[in-house]
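Residue numbers (our numbering): 3 to 235.
Ideal Cβ positions, reconstructed from N, Cα and C, are used throughout, including at glycine.
Everything on this sheet refers to the single structure shown next.
Spelled out as structure tokens, the structure:
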């Protein structure tokens with residue numbers, strides 16, 4: 003296949019556009035995704051080829067969730083991190099989405115969630131992350147915490163999601179011998195949480211310490227250092 007990893011997964015898949023020409027970005031990708039049968043041979047062939055060729059996929063569900071009216075719940079902590087101009091633009095974008103008569107992403111989103119689950123069930127390597135593009139509300143860290151909840155919503159177990167968001171990412175990068183899991187000899191890149199997100203998913207937000215190569219940093223101080231700056235630099 004010639005590809006190591008596909009970002010965004012189902013949302014950017016143009017394989018199902020009728021009459022697609024090689025080397026040309028086709029129109030109507032979203033329509034083709036809304037119409038394709040997840041249980042059909044086209045989707046099965048995509049997943050089969052990716053798994054056979056060792057092509058990983060990165061889930062970015064929080065980025066696309068923002069195109070669904072009134073999702074996710076508006077969080078003050080996200081607004082606090084954004085620069086004033088970025089915050090105003092984000093709020094306007096959310097208002098625009100909420101005012102639309104049609105919301106194709108509301109139909110497309112659960113299909114993407116199912117596609118990711120099918121990919122993993124077939125033996126595919128799924129990682130997770132966020133993206134600074136889109137509406138700008140899926141912030142690094144905070145967006146990842148939302149992804150934890152969305153992957154649970156997709157049908158994965160808490161243990162699966164934790165691996166998707168840690169060890170699997172290291173495997174995609176080819177760095178799983180150095181980090182990605184807690185093992186002797188690996189770099190101590192850790193997130194310390196006050197709570198049990200396996201039992202209470204919202205507690206994924208209760209980060210107290212972040213360790214980078216064995217050095218611990220106060221999570222609150224890290225957040226304060228960029229308060230009001232995201233989107234500015």
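Among the options, whose alpha-carbon lies nearest the alpha-carbon of residue i?
| i | options | result |
| --- | --- | --- |
| residue 106 | 86, 69 and 94 | 69 |
| residue 79 | 162, 159 and 148 | 148 |
| residue 73 | 34, 95 and 88 | 95 |
| residue 67 | 213, 16, 183 and 146 | 146 |
| residue 209 | 215, 221 and 217 | 221 |
| residue 14 | 32, 26 and 7 | 32 |
| residue 135 | 17, 88 and 121 | 88 |
| residue 124 | 55, 133, 26 and 141 | 55 |
| residue 137 | 233, 17 and 16 | 233 |
| residue 167 | 142, 188 and 186 | 142 |
| residue 83 | 103, 112, 53 and 144 | 144 |
| residue 282 | 98, 201 and 112 | There is simply no residue 282 to check, as the chain begins at 3 and stops at 235 in what is shown. |
| residue 122 | 103, 184, 165 and 131 | 165 |
| residue 163 | 21, 34, 131 and 177 | 131 |
| residue 139 | 91, 12 and 176 | 91 |
Between residue i and residue j, how many whole angstroms is the CB-CB distance? I'm expecting something under 8 Å.
| i | j | result |
| --- | --- | --- |
| residue 71 | residue 100 | 5 Å |
| residue 154 | residue 115 | Going by Cβ atoms, the distance from residue 154 to residue 115 rounds to 10 Å, so no, they are not a contact pair. |
| residue 158 | residue 172 | Going by Cβ atoms, the distance from residue 158 to residue 172 rounds to 18 Å, so no, they are not a contact pair. |
| residue 203 | residue 151 | 5 Å |
| residue 36 | residue 93 | Between residue 93 and residue 36 the Cβ distance is about 28 Å, and since that is not below 8 Å, they are no contact. |
| residue 65 | residue 133 | 5 Å |
| residue 40 | residue 113 | 6 Å |
Looking only at its chain, what residues have a beta carbon closer than 7 Å to the beta carbon of residue i, apart from the 5 residues adjacent to it on each side?
| i | result |
| --- | --- |
| residue 170 | 127, 128 and 129 |
| residue 231 | 85 |
| residue 22 | 16 and 28 |
| residue 188 | 180 and 181 |
If you drop the 5 nearest sequence neighbours on each side, which residues of the same chain put their C-beta closer than 6 Å to that of residue i?
| i | result |
| --- | --- |
| residue 194 | 210 and 211 |
| residue 196 | 208 and 210 |
| residue 81 | 89 |
| residue 206 | 147, 150 and 199 |
| residue 5 | 57 |
| residue 2 | An answer regarding residue 2 cannot be provided, because it is not within the stretch 3 to 235 covered by the chain. |
| residue 10 | 62 |
In this structure, what does DSSP give as the bridge partners for residue i?
| i | result |
| --- | --- |
| residue 7 | 58 |
| residue 214 | 217 |
| residue 232 | 84 |
| residue 195 | 209 |
| residue 129 | 60 |
Ordered along the chain, which non-local residues of its own chain (more than five positions away) have a Cβ less than 8 Å from that of residue i?
| i | result |
| --- | --- |
| residue 7 | 57, 58, 59, 60, 129 and 174 |
| residue 213 | 190, 191, 192, 193, 194 and 219 |
| residue 30 | 19 |
| residue 156 | 63, 115, 116, 118 and 119 |
| residue 50 | 124 |
| residue 27 | 16 |
| residue 77 | 144 |
| residue 48 | 15 and 17 |
Beta carbon of residue i: closer than 6 Å to some heavy atom of the ligand FAD?
| i | result |
| --- | --- |
| residue 58 | With respect to small molecules bound, the structure shown includes none, and the ligand FAD cannot be examined in it. |
Is residue i close to chain C? Criterion is C-beta to C-beta, closer than 7 Å.
| i | result |
| --- | --- |
| residue 202 | The question asks about chain C, but that chain is absent: this structure has only one protein chain. |
Item to check | alpha helix (DSSP H) runs wholly inside the segment 54-99, at least 4 long, in chain order | outcome: Runs of the alpha helix (DSSP H) lying entirely within the segment 54-99, each at least 4 residues long, are 63-67 and 78-83 in chain order.
Item to check | Whole runs of the alpha helix (DSSP H) within the segment 17-44, excluding any shorter than 4 residues | outcome: Listed in chain order, they are 31-37.
Checklist entry - What are the uninterrupted segments assigned as beta strand (DSSP E) that are 3 or more residues long and contained completely in the segment 113-167, given in chain order? => result As far as the segment 113-167 is concerned, its whole beta strand (DSSP E) runs of at least 3 residues are 128-130.
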